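Positions 37 to 526 (my numbering) are the ones given, in order, by the sequence shown.
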Amino acid sequence: MERLLAVLFALLVVGAKGDGDGVAGIMVTASESALNYAKEVLVHELVKAPMLLPDVTTHVEGAIGRVDAQMSHIELSRARITYSEIELASTGVTVFAGDVRASIRFHWAYQYTAAFFLDPVNDSGWADVQVKGMQAAVMFTLSTHNGTLRLKVLECGAHIDDLKIESQGGVLPWLYQFLVDAFEEQIRTAIESTISKQVEASAEKLDTFLQALPRFLPIDDISAIDVTIVDNPMVSSSFLSVGVHGEFSPRLGKPLSNFTFPEYGLQPGLSCSDSSKMVTIALCDYVVNSAAVVYYEAGLLEWRIDEAPKEAWLNTHFWRFLIPHLYKKYPNMDMALDFGCSKAPSVQLQTDGVTTNAAAELTLLVKSDGEELPVACISLALSMDAVVNVAANNITAEVSLDELKLELKWSEVGKFPVTLLQPTLRTIISRMILPLLNSKLKKGFPLPMLPAVDLENADIKYEDGFIFICSDVYYKGAISPRLALKRRLF
Numbered sequence: 037m038e039r040l041l042a043v044l045f046a047l048l049v050v051g052a053k054g055d056g057d058g059v060a061g062i063m064v065t066a067s068e069s070a071l072n073y074a075k076e077v078l079v080h081e082l083v084k085a086p087m088l089l090p091d092v093t094t095h096v097e098g099a100i101g102r103v104d105a106q107m108s109h110i111e112l113s114r115a116r117i118t119y120s121e122i123e124l125a126s127t128g129v130t131v132f133a134g135d136v137r138a139s140i141r142f143h144w145a146y147q148y149t150a151a152f153f154l155d156p157v158n159d160s161g162w163a164d165v166q167v168k169g170m171q172a173a174v175m176f177t178l179s180t181h182n183g184t185l186r187l188k189v190l191e192c193g194a195h196i197d198d199l200k201i202e203s204q205g206g207v208l209p210w211l212y213q214f215l216v217d218a219f220e221e222q223i224r225t226a227i228e229s230t231i232s233k234q235v236e237a238s239a240e241k242l243d244t245f246l247q248a249l250p251r252f253l254p255i256d257d258i259s260a261i262d263v264t265i266v267d268n269p270m271v272s273s274s275f276l277s278v279g280v281h282g283e284f285s286p287r288l289g290k291p292l293s294n295f296t297f298p299e300y301g302l303q304p305g306l307s308c309s310d311s312s313k314m315v316t317i318a319l320c321d322y323v324v325n326s327a328a329v330v331y332y333e334a335g336l337l338e339w340r341i342d343e344a345p346k347e348a349w350l351n352t353h354f355w356r357f358l359i360p361h362l363y364k365k366y367p368n369m370d371m372a373l374d375f376g377c378s379k380a381p382s383v384q385l386q387t388d389g390v391t392t393n394a395a396a397e398l399t400l401l402v403k404s405d406g407e408e409l410p411v412a413c414i415s416l417a418l419s420m421d422a423v424v425n426v427a428a429n430n431i432t433a434e435v436s437l438d439e440l441k442l443e444l445k446w447s448e449v450g451k452f453p454v455t456l457l458q459p460t461l462r463t464i465i466s467r468m469i470l471p472l473l474n475s476k477l478k479k480g481f482p483l484p485m486l487p488a489v490d491l492e493n494a495d496i497k498y499e500d501g502f503i504f505i506c507s508d509v510y511y512k513g514a515i516s517p518r519l520a521l522k523r524r525l526f
């Protein structure tokens, strides 16, 4: 039960009151189809496994004697739900299932004692019960608390309209109707009570689970992403929307020294209006820029290139016409290149795509007598285009070089026209630097989804200042979204 409630949490992150602060860098909005899928998963999980009910004992005394009876090994199975719905309101979320049919099998035994019998009469057998017209409903709230969620069940119950009991075994047929009359109300009470207790117990377990959810998800040894819930979720009859901080921070806990968080973040209710997908995840540009600052300050936007045996430009002979004094001073010597950003790159999300601007320096080194001698440094201004994708539950990217501007910062081998280096440096950056960067971006960064839920068939839409990830969702181990829609249980 706690797993299926966790599904609702993953798809319906609903809150009655919020106590978070800050701005939202990531906004998750679930559409009406997502709500229906969450409800479908819930009712599917409810009915797929048999339910064991507690033993029941009863007795009746009358003019003809006393009957003590017991039901044991009571199992409810093969439940079928023909109607269900989910309703969102400011007071909570209600999931209702109606016209539920199920089968119950149990072992019965009785002892009949009467004055005209010398010894008590004992009998036992099995009975099958057909449950018809059962209704079940649960109403709960999820409120934000200390940056995470707290779950509370407001109401939970079940009601049975009709029971039909068929007994197997027994030597006193005239007691059959007595068994039916004696057991019917007991069965009703047992089913209704068990369903309520199981839901409430599972809710308590899930509440404990939610309170223990981390507010930071580790990305790697360097960074983590803040998934603290901020402000009040927006709830309507057709969608719900919740925001999390979303910014990156160093794993060691040091605050970012060169990053200013915006005063305003993403607003609730953002969604792909022209999409039929279940979930929209809006991601603000400051999330990406905070990641750039973290990795820049960790020194991971620096690369040494000195092992490329097929590349001629790692020898001074290659530069003899471009930088004549370099070759004259260090003829036919091996070289190395140091590339590093001089400040954190800046990412702009726009309707026509993603642009990244970076300031970097390329230092040329000559390997001489076991030493690496810096001989020149070139300042680079790079403009790069990026393509965003979603792989599993990660957002990934791939960058390519667009514009490149050069300026000589200093030189130990005389001045030289850096414009002549444009083709060579474009090749070096495209063939050596960007593949290293893209290998990291290809691994991606996780979106705020629970492990039980996968994104499926995601589309990317670019807007000014943020991007939309429009996607269906899939709960692993349950029915697929397409089958859920096809069955039309809602």
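Yeah, the Cβ is synthetic: ideal placement off N, Cα and C, and Gly gets one too.
Remember, it's a predicted structure, so these values are computed and weren't measured experimentally.
Between the beta-carbon of residue i and the beta-carbon of residue j, is there less than 8 Å?
i	j	result
serine 277	valine 64	yes
valine 271	leucine 124	yes
proline 286	isoleucine 261	no
glutamine 458	leucine 437	no
proline 86	leucine 112	yes
serine 307	serine 67	yes
glycine 128	threonine 177	yes
methionine 371	valine 390	no
valine 449	isoleucine 414	no
isoleucine 317	leucine 483	yes
valine 131	valine 189	no
alanine 239	leucine 187	yes
arginine 137	valine 167	yes
glycine 183	cysteine 320	no
aspartate 159	tyrosine 146	yes
leucine 398	leucine 373	yes
phenylalanine 219	isoleucine 196	no
Which residues mark the beginning and the end of the beta strand (DSSP E) in which residue i is found?
i	result
serine 312	Where serine 312 is concerned, there is no enclosing beta strand (DSSP E), given that its DSSP letter is neither H nor E.
tyrosine 119	101-125
histidine 143	128-149
proline 286	284-286
serine 378	Element bounds for serine 378: n/a, residue is neither H nor E.
methionine 87	87-89
methionine 63	62-66
glutamate 338	338-341
serine 259	259-262
phenylalanine 153	No beta strand (DSSP E) contains phenylalanine 153, which DSSP labels as neither H nor E.
Along the chain, where does the alpha helix (DSSP H) that runs through residue i open and close?
i	result
alanine 428	Element bounds for alanine 428: n/a, residue is neither H nor E.
arginine 462	458-464
serine 382	Where serine 382 is concerned, there is no enclosing alpha helix (DSSP H), although the beta strand (DSSP E) it sits in stretches over 382-386.
lysine 365	360-365
alanine 396	Where alanine 396 is concerned, there is no enclosing alpha helix (DSSP H), although the beta strand (DSSP E) it sits in stretches over 389-404.
alanine 328	321-333
leucine 470	470-479
In chain order, what residues of the same chain lie with their CB nearer than 6 Å to the CB of residue i, ignoring the 5 residues before and after it?
i	result
serine 69	Met314
phenylalanine 452	Ile359
threonine 149	Gly101, Arg102, Pro156
phenylalanine 34	What is shown of the chain runs 37 to 526, which leaves residue 34 out entirely.
serine 447	Ala412
glycine 58	Val266, His281
Can you list, in chain order, the residues of its chain whose CB lies under 7 Å from that of residue i, leaving out five sequence neighbours each side?
i	result
glutamate 283	Gly61, Asp262, Phe297, Tyr322, Val323, Ser326
lysine 512	Ala488, Asp490
alanine 380	Asn294, Ala328, Val329, Tyr332
isoleucine 231	Ala172, Ala194
serine 404	Tyr366, Met369
Could you tell me if residue i is buried or exposed, where buried requires 16 or more neighbouring beta carbons within 10 angstroms of its beta carbon?
i	result
serine 312	exposed
phenylalanine 275	buried
asparagine 429	buried
arginine 524	Here the model assigns arginine 524 a pLDDT of 32, short of 50, so the residue's position is not dependable, and the following value carries that caveat. That one is exposed.
proline 269	buried
leucine 400	buried
alanine 417	exposed
asparagine 72	buried
tryptophan 355	buried
phenylalanine 152	exposed
leucine 352	In the sequence as displayed, the identity of residue 352 is threonine instead of leucine. Looking at its Cβ environment, which holds 16 or more other Cβ atoms inside 10 Å, threonine 352 is buried.
glycine 349	First, the residue type needs correcting, since residue 349 is tryptophan and not glycine in the sequence shown. With 16 or more Cβ atoms within 10 Å of its Cβ, tryptophan 349 is classed as buried.
tryptophan 144	buried
valine 109	Checking the sequence shown, residue 109 turns out to be histidine, not valine. By the neighbour-count rule (16 or more Cβ atoms within 10 Å), histidine 109 is not buried but exposed.
glutamate 76	buried
alanine 494	buried
valine 207	Reliability of the predicted coordinates at valine 207 is poor, the pLDDT of 49 falling under 50, and no value is obtained from them.
alanine 248	exposed
proline 304	buried
serine 516	Here serine 516 scores only 48 on pLDDT, less than 50, and its place in the model is too uncertain to base an answer on.
Note down, in chain order, each residue of its chain lying with its Cβ closer than 8 Å to the Cβ of residue i, except the 5 sequence neighbours on either side.
i	result
lysine 479	Asn430, Thr432
Ordered list of beta strand (DSSP E) runs contained in the segment 170-209, each at least 3 residues
184-195, 198-204
Run through the segment 488-514 for me and flag every whole alpha helix (DSSP H) of 4 or more residues, listed as ranges in chain order.
none
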